[in-house]
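Participant: Residue 25 in this note's numbering sits at position 25 of the sequence shown, and the numbers go up by one each step. My questions all concern the structure below.
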Amino acid sequence: MPNILTGVVTKTGAMAKTITVTIGSKRPHPKLLKMMFKTHKMLVHDEEEKLRPFISPVTADVPSSTADTLPEGRVGDHVTIIHGRPISKRKHFTLRSIDFRPELEHIPAAPEIERISRRANGIMEQMRREKAKLDATKAAEAEAEAKTTAQ
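Here it is, written out as structure tokens:
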């Protein structure tokens, strides 16, 4: 009986006929009795290239009539994969079907991007506060100097 798994596409277009699928699993820890989450990244063979990235007719040497019909693979698609013969060293699964293709506005941003943007916003806010303090001290010094010269 072949192993059939479901997961989320995390990378497409890096290699020909290959996509990366992340499969999450959760199971209780035997001693701690709490649910532990674990993810596995698997290379999956996509023979028909159903999930290859969209090729723009401007950037590729493809006639515009065929470029409009090319499938548009997206990160975030939920897929079913099936275990089979080894295709390469790390590729043992084949794409079976695309189960769910979420709308673009429902795909969450990558956690790394959110973390980096939050950190950058925090750094910028800290720089603004430091500049405001520096401006306030310069203004106070200028005011004190103006008072001493006026006397």
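C-beta atoms are modelled at their ideal positions from N, C-alpha and C, and glycine is treated no differently. A quick note: this is a predicted structure, and the numbers were derived from the prediction, not measured.
1. In three-state DSSP terms, what is Lys-133?
2. List the DSSP bridge partners of Lys-26.
3. So what's Lys-50 in DSSP terms, helix, strand or just coil?
4. So, at 6 Å on beta carbons, what are the nonlocal neighbours of Ile-87 in its own chain, with the 5 sequence-adjacent residues on each side left out?
5. Decide if Ser-56 is buried, meaning its Cβ has at least 16 other Cβ atoms within 10 Å, or exposed.
6. Determine whether the beta carbon atoms of His-10 and Lys-91 lie at a separation below 9 Å.
Facilitator: Here's the rundown:
1. If DSSP states are grouped into helix, strand and coil, Lys-133 belongs with the helices.
2. Phe-37
3. coil
4. His-45
5. Because the pLDDT of Ser-56 is 44, which lies under 50, any placement of that residue in the model is unreliable, and the question is left without a value.
6. Reading off the sequence, residue 10 comes out as Thr, not His. No. Outside cutoff.
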